[in-house]
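A.B. asks: Residue numbers (the working numbering), protein chains in the order written: chain A, 6 to 169; chain B, 9 to 260.
Backbone N, C-alpha and C define an ideal beta-carbon position, used for all residues, glycine too.
Below you'll find the structure I mean.
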Amino acid sequence: MDAAQSSGAGMVMATAVLDLERARAVASRVVDPEIPVLTIADLGILRGVRIDGHRVVATITPTYSGCPAMLQIADDLRFALDGAGFDDVDVAIAHDPPWSSDWITQEGLEKLSGFGIAPPGGEIVCPQCRSGSARVVSRFGSTACKALMACTSCGEPFDHFKDF
Amino acid sequence: MSEPVISTAPQGAPASDSSDPVRALVAHADDNLVLAQRLGDWISRAPELEEDIALGNIALDHLGVARALYSHAGHLEGKGRTEDDFAMQRPEREFLNALLVEQPNGDFAHTMVRGLLFDAYQVELWTDLSGADDSTLAGIAGLALKEARYHLLHTSSWVIRLGDGTEESHRRAQAAVDALWRYTAELFEGAASEYHDIWRKVVGEVLDEARLQIPDDPYQRSGGRRGFHSEHLGPLLAEMQWMQRSHPGLEW
Ligand SMILES: [Zn+2]
Numbered sequence: 006m007d008a009a010q011s012s013g014a015g016m017v018m019a020t021a022v023l024d025l026e027r028a029r030a031v032a033s034r035v036v037d038p039e040i041p042v043l044t045i046a047d048l049g050i051l052r053g054v055r056i057d058g059h060r061v062v063a064t065i066t067p068t069y070s071g072c073p074a075m076l077q078i079a080d081d082l083r084f085a086l087d088g089a090g091f092d093d094v095d096v097a098i099a100h101d102p103p104w105s106s107d108w109i110t111q112e113g114l115e116k117l118s119g120f121g122i123a124p125p126g127g128e129i130v131c132p133q134c135r136s137g138s139a140r141v142v143s144r145f146g147s148t149a150c151k152a153l154m155a156c157t158s159c160g161e162p163f164d165h166f167k168d169f
Numbered sequence: 009m010s011e012p013v014i015s016t017a018p019q020g021a022p023a024s025d026s027s028d029p030v031r032a033l034v035a036h037a038d039d040n041l042v043l044a045q046r047l048g049d050w051i052s053r054a055p056e057l058e059e060d061i062a063l064g065n066i067a068l069d070h071l072g073v074a075r076a077l078y079s080h081a082g083h084l085e086g087k088g089r090t091e092d093d094f095a096m097q098r099p100e101r102e103f104l105n106a107l108l109v110e111q112p113n114g115d116f117a118h119t120m121v122r123g124l125l126f127d128a129y130q131v132e133l134w135t136d137l138s139g140a141d142d143s144t145l146a147g148i149a150g151l152a153l154k155e156a157r158y159h160l161l162h163t164s165s166w167v168i169r170l171g172d173g174t175e176e177s178h179r180r181a182q183a184a185v186d187a188l189w190r191y192t193a194e195l196f197e198g199a200a201s202e203y204h205d206i207w208r209k210v211v212g213e214v215l216d217e218a219r220l221q222i223p224d225d226p227y228q229r230s231g232g233r234r235g236f237h238s239e240h241l242g243p244l245l246a247e248m249q250w251m252q253r254s255h256p257g258l259e260w
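Structure (structure tokens):
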């Protein structure tokens, strides 16, 4: 292999690495359609991004089996990656291992709290008055991942992202 | 009027028979699809708004499990069948769901008792399958297990409330147990027989707390896992499938 060829191969490699970094960044910024303050990376829904030849493969995982947002997330991923110049995109769904609310990042937990949703893991704190006393109004809330609570101190209802 | 005994139907492979993984996946998917369809009927008719949302959410969980299992079955089978083909293009005789899930909703107590009996079964089933060698199945089961536990929490607390409630709610809950108990043994045909005892213990404790009695009548019905259904599945499938049957491949 001569010098020119070797540096050409190096360029291709470097471009591939840059593309992968960029594809990951684009995919990570896609937001959850039901809780749009969180990205799919914050929620642990984005399992990985890889480049397979000319194709970008983004792998996602459902939070709940019947999560109706999965189709939307897949569409949003294709749209975002296409907009960033990746015209060959595949979105794969991985079931194993199953998603857990433990996969929500620290930043994701903080964003949930800021959005008025009590995050999973630990004590349930009222997002309005920070009181630790709340009762369950409904085990099933506006989406599968949330339960509806009411604060027994300030009386405000709020969503709790369930430990799952 | 006496009900026809259909347990004389020819024996096929039981659903949980590991020798036919596609058939087992389809049977479990059918359970979930049929129950999802039944529960969906409650939306806008439940006794309170929270219950409307709860039953809708539970239905959605079951639908999601059904879709994942059908897709996986289609993949393993390798004949190009999609989840929609399984759900919309098969006749009643090819559905392998247990008779319990196709039983009509009845009143709210009836739906909650059916839920208790089935959810307690699914908790054991998914616990078992979350350790399957097939990693996709194990993953689907692992997520479904967490959902089934939550469904069971919901249905068991309602059964306790109704059974240990007023005279009227107790009467209705007991009528539901009496009507549905005969569809429970079928759930434990094949490999699932291993957890029939633990299921009986879990369900028995809830019924005890609810002051409800397990009927003395040992009669049990069977046939769903071999495609022999009660008169209730046909109309459910007709309603669910008619659009795809009338306009094959139609999309929203
Ligand atoms: Zn408060």
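#1: Taking a Cβ distance cut-off of 9 Å, strictly less, list which residues of the stretch 122-152 of chain A are near chain B, in chain order.
#2: For B:Asp-69, return the contacting residues in chain A, with the cut-off set at a CB-CB distance below 7 Å.
#3: Between A:Cys-72, A:Gly-90, A:Gly-71 and A:Asp-95, which lies nearest to A:Asp-80 when the distance is taken from Cα to Cα?
#4: Note down, in chain order, all residues in the stretch 129-149 of chain B with a beta-carbon under 7 Å from any beta-carbon belonging to chain A.
#5: Go ahead and label B:Ala-76 buried or exposed: buried means 16 or more other beta carbons lie within 10 angstroms of its beta carbon, across all protein chains shown.
#6: In angstroms, rounded to a whole number, what distance separates the CA positions of A:His-59 and A:Asp-101?
#7: If I'm right that B:Glu-217 touches B:Ile-168 with Cβ under 8 Å, what's the distance once you round it to whole angstroms?
#8: When you compare only the Cα positions, how much space is there between A:Ile-98 and A:Thr-66?
#9: Got a sec? Which residues, its chain only, sit under 6 Å from A:Asp-164 by beta carbon, not counting five neighbours each side?
#10: Quickly, what does DSSP pair A:Glu-51 with across the bridge? List them, please.
#11: Checking contacts by CB at 7 Å: is A:Pro-38 closer than that to chain B?
#12: Within the present structure, is the beta-carbon of A:Cys-72 separated from the nearest heavy atom of ligand 1 by less than 6 Å?
#13: Give a yes or no on whether 7 Å exceeds the smallest Cβ distance from A:Pro-102 to chain B.
#14: Just to confirm, does B:Ser-164 get its C-beta within under 6 Å of one of the non-hydrogen atoms of ligand 1?
#15: Apart from the five residues just before and just after B:Ala-128, which ones in its own chain have a Cβ nearer than 7 Å to its Cβ?
#16: Sorted by chain position, which residues of the same chain lie with C-beta nearer than 7 Å to B:Asp-39's C-beta, five sequence neighbours on each side aside?
#17: Taking 6 Å as the limit, tell me which residues put their C-beta closer than that to any heavy atom of ligand 1, in chain order.
#18: Where A:Tyr-2 and A:Glu-26 are concerned, what is the direct C-alpha to C-alpha distance, given to the nearest angstrom?
#19: When the cut-off is 7 Å and only beta carbons count, does B:Lys-209 lie next to chain A?
#20: Using a beta-carbon distance below 7 Å, is A:Met-6 in contact with chain B?
#21: Spell out whether any CB of chain A is found under 7 Å from the CB atom of B:Glu-262.
#22: Under 7 Å, Cβ to Cβ, is there at least one residue of chain A near B:Gly-72?
#23: Assign B:Ser-87 to one of two classes, buried (16 or more other C-beta atoms within 10 Å of its C-beta) or exposed (fewer than that).
#24: For A:Val-62 and B:Glu-85, I'd like the C-alpha separation in whole angstroms.
C.D. replies: A quick look at the data gives this:
#1: Val-142, Ser-143, Arg-144, Phe-145, Gly-146, Ser-147, Thr-148 and Ala-149
#2: Tyr-69, Ser-70, Gly-71 and Ala-149
#3: A:Asp-95
#4: Ser-143, Thr-144, Ala-146, Gly-147 and Ile-148
#5: buried
#6: 26 Å
#7: 5 Å
#8: 6 Å
#9: Ile-122, Gly-146 and Lys-151
#10: Reading off the sequence, residue 51 of chain A comes out as Leu, not Glu. Beta-bridge pairing links A:Leu-51 to A:Ile-65.
#11: no
#12: no
#13: yes
#14: no
#15: Leu-160, Trp-207, Val-210 and Val-211
#16: Asn-105, Ala-106 and Val-109
#17: A:Cys-131, A:Gln-133, A:Cys-134, A:Ser-136, A:Cys-156, A:Ser-158, A:Cys-159 and A:Glu-161
#18: With chain A covering 6 to 169 only, the question about residue 2 of chain A has no answer from this structure.
#19: no
#20: For A:Met-6, the predicted model reports a pLDDT of 45, less than 50, meaning its position is unreliable; a value from the coordinates is still stated below. Taking Cβ atoms only, chain B never reaches closer than 7 Å to A:Met-6, which makes this a no.
#21: There is simply no residue 262 of chain B to check, as chain B begins at 9 and stops at 260 in what is shown.
#22: yes
#23: Reading off the sequence shown, one finds Lys at residue 87 of chain B, where the question assumed Ser. Exposed.
#24: 24 Å
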